[in-house]
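Reviewing the structure listed below.
Below is the structure:
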């Protein structure tokens, strides 16, 4: 399916006022809505009540345009997953402490909102913007809400509604299409502002990407075909991206007509305006075409709708599989005509007039000049290309791509990108003078080669081995002398930790960059295979919640990995320390939980390889300066091919207390064994207690068993670390505990996948979760002797699974 992203919209036609004003129709604790009644915005733009979609007898609570008759245009639905068949005994009312709820005659909740605050006089109002809000009637701040429908949209984006993600809370606001025209149940298609790499808008069908907007360039999304707004426009686009949030919205200067954007049930994003003369919606977004299909032409392929066939390779590139390409199968894309050798001279060629590639594997800098971009990208062999981050005022900042470039298309008003190429490609472009220069250069090189031949032969064997390692690992190799100086000769004062691999040291490179050096101990049970395993996997992974590997050092008996330095060390040093745990309030812990889940989702689903970590635990989660989590230690990780979800092994590795039953006992590992480890970790974060070291005076259960016991007795709040009481959102905490218990269920088939975990944690706090079943290993001390538990959680290996 195709997705149209040419969002904004040829909208010089229309606009809308956004004023938050007091409405005359409100829902208070003394008033409720029954079927047949409505509440209306003060400007009478919108109204709210019960409705049935066309060709359906089911009833829903929704918001629609009041003055558009006879057509009912619904822009928001409350109970879209819980339709009503009989509304005679159903009411919508506000209850203390500030919850809007749909209740039946037995006062049972069918649908409800959530709130983290309690107020004495809550009211619900429908604003002129179409935003349904719950607020404190005594609060004079007109923009302070307990809850708002704009934070949980359905399929419609209205002016001033923000799509994006709050990095502090982990909550994401995204569009979800109706299942069909008669069923508002969430369908297959969703639209997200994806912050992975550098933000872009994605249309997805389930987990598959169907369309991409390209990155934000300061004026618009790179792939928008409509011209960006200017000073004379009657609408404006807003985009924000910082450490707290990423968002995208739009609004209009005056109020002539009614606008909306809708994600249709076939995956298209449409911009529409109401034309009163014709009593119909006018479609303003440009129609989708074949080139809107995500990555249609594969890596380094460019789609041009004016050509036939539409796919072609970028200049200096050739089809990877020529016969498949001729037959119209372009999915495998193109490759460089001259392969890149990072040990030889290279250049960056400029390609103009294109939609910038997918930014999933990208990094950015907001201040660098374009020349500095080239220098930085040139110094890192894994950097494929760069471009200006912000094209306003001549351009500023850098956007860097790592790995293959996909989802490129030619377009009017497209941007420039500079792609790393072999230097010979630049010479061939220079014509006959370039050819002569090339001949002279080659002749000079041959002369120098003869002079230096003796030295080259002496160093050949050593250098060949070094280059082989570099090519295999695709990472910079650091000299031992460089690391020795950086760590003050591996001073004990620089030692910051130790694990199964060996000691870890803090270091500072000569240019001032702080690093963490993991040095293989000669007595370690792990060795070169684990080091190689970690490099192979983590070098190919790019995600904000995975630790970044800067390079390695292999010289003589020394084997080291060099990482970005994490000043707040590992998660276990905080949550299991009585003093440091006080610094982690609930919002910070919830952010850590969500960050780990997103990193795990990337490993299981979104990375080029499906990675099973096999050793997820508190000591393998590092915290950066802002306490954002980063999963580390991929020495035991395994990849599975294609759609495989797991495998078997006779060499069981991992850490007791985090290993799933089927893996520890039978040697079967899968994405669900990682989910089990995540569930254990989640419960440890909530309770500040180690699973294996947990002790309770009333029973001999481990932490999982204790959490399960409290859950069955409806006492889950007793699991919370006492230091969190003042800062926690109890609804959010209870939901997190239940998600943790769902993850540690005995049977792998019962556990959710990580995408479901992320959704359960990040959205829909009012939605019901499945009831958790008995966890695995909850009477753990009957399976593994409690005396064998290790408080430092060193990774273990069991060669003979039981």
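Numbering (mature numbering (1 follows the signal peptide of the UniProt record, and there is no 0)), first residue to last: -22 to -1, 1 to 780. Note that CB positions come from ideal geometry on N, CA and C, so glycine has one too. Quantities reported herein were computed from a predicted structural model and do not represent experimental measurements.
At a Cβ-Cβ threshold of 7 Å, residue 148 and residue 740 count as neighbours. Cβ-Cβ distances below 7 Å link residue 666 to 553, 554, 559, 699 in the same chain, with the five nearest sequence neighbours on each side left out; the list follows chain order. Listed in chain order, the beta strand (DSSP E) elements of length 3 or more contained wholly in the stretch 239 to 294 are 247 to 253, 258 to 261, 279 to 281, 289 to 291. Bounds of any alpha helix (DSSP H) do not take in residue 706, whose DSSP letter is neither H nor E. Annotated three-state conformation of residue 748 is coil, per DSSP. Closest by C-alpha distance to residue 126, out of 94, 592, 156, 165, is 94. Residue 498 and residue 480 have their C-alpha atoms spaced approximately 5 Å apart. Nearest to residue 721 by alpha-carbon distance, out of 471, 115, 651, is 651. Listed in chain order, the alpha helix (DSSP H) runs fully inside the stretch 298 to 385 are 300 to 304, 348 to 356, counting runs of at least 4 residues. Residue range 732 to 740 is occupied by the alpha helix (DSSP H) that includes residue 734. Residue 590 and residue 22 have their C-alpha atoms roughly 54 Å apart. A contact between stretches requires three or more CB pairs, one per stretch, nearer than 8 Å, and the stretch 576 to 593 meets this requirement with the stretch 638 to 655.
Going by DSSP, residue 662 is part of the alpha helix (DSSP H) stretching over 649 to 665. Bridge partners of residue 225 according to DSSP: 142, 218. With a cutoff of 7 Å on beta-carbon distance, residue 65 and residue 13 are scored as near each other. Put simply, the backbone Cα of residue 548 is about 27 Å away from that of residue 640.
Of 401, 540, 396, 374, the smallest CA-CA separation from residue 319 is found for 401.
For residue 558, there is no enclosing beta strand (DSSP E), as DSSP marks it with neither H nor E.
As the crow flies, the alpha-carbon of residue 732 is around 16 Å from that of residue 725. In the three-state reduction of the DSSP assignment, residue 45 falls in the coil class, being assigned neither a helical nor a strand state. Rounded to the nearest angstrom, the gap between the Cα atoms of residue 220 and residue 142 is 12 Å.
Going by C-alpha positions, residue 85 is about 20 Å away from residue 692.
By the neighbour-count criterion, in which 16 or more other beta carbons inside 10 Å mark a residue as buried, residue 696 falls on the exposed side. Following the DSSP letters along the chain, one finds residue 158 inside the beta strand (DSSP E) bounded by residues 153 to 158. Contact between residue 376 and residue 346 holds: CB atoms are separated by about 4 Å, below the 8 Å threshold. At least 7 Å separates the beta-carbon of residue 532 from that of residue 495. When the Cα atoms are used, residue 245 and residue 223 turn out to be separated by approximately 26 Å.
Taking the C-beta atoms as reference points, residue 550 is found nearer than 7 Å to residue 596. Within the stretch 485 to 528, the runs of beta strand (DSSP E) that reach at least 3 residues and sit entirely inside it are, in chain order, 492 to 497.
Counted as a single uninterrupted DSSP element, the beta strand (DSSP E) harbouring residue 102 occupies residues 100 to 104.
Taking C-beta separations shorter than 6 Å and ignoring five residues to either side along the sequence, the partners of residue 274 in its chain run 281, following chain order.
Note that the C-beta distance between residue 191 and residue 201 is below 7 Å. Across the set 336, 255, 171, 238, the C-alpha of 336 shows the shortest separation from the C-alpha of residue 277. Between residue 241 and residue 155, the C-beta gap is smaller than 7 Å, which places the two residues in contact.
Contact between residue 25 and residue 42 is confirmed by a C-beta separation of about 7 Å, below the 8 Å threshold.
DSSP, read as helix, strand or coil, puts residue 91 in coil.
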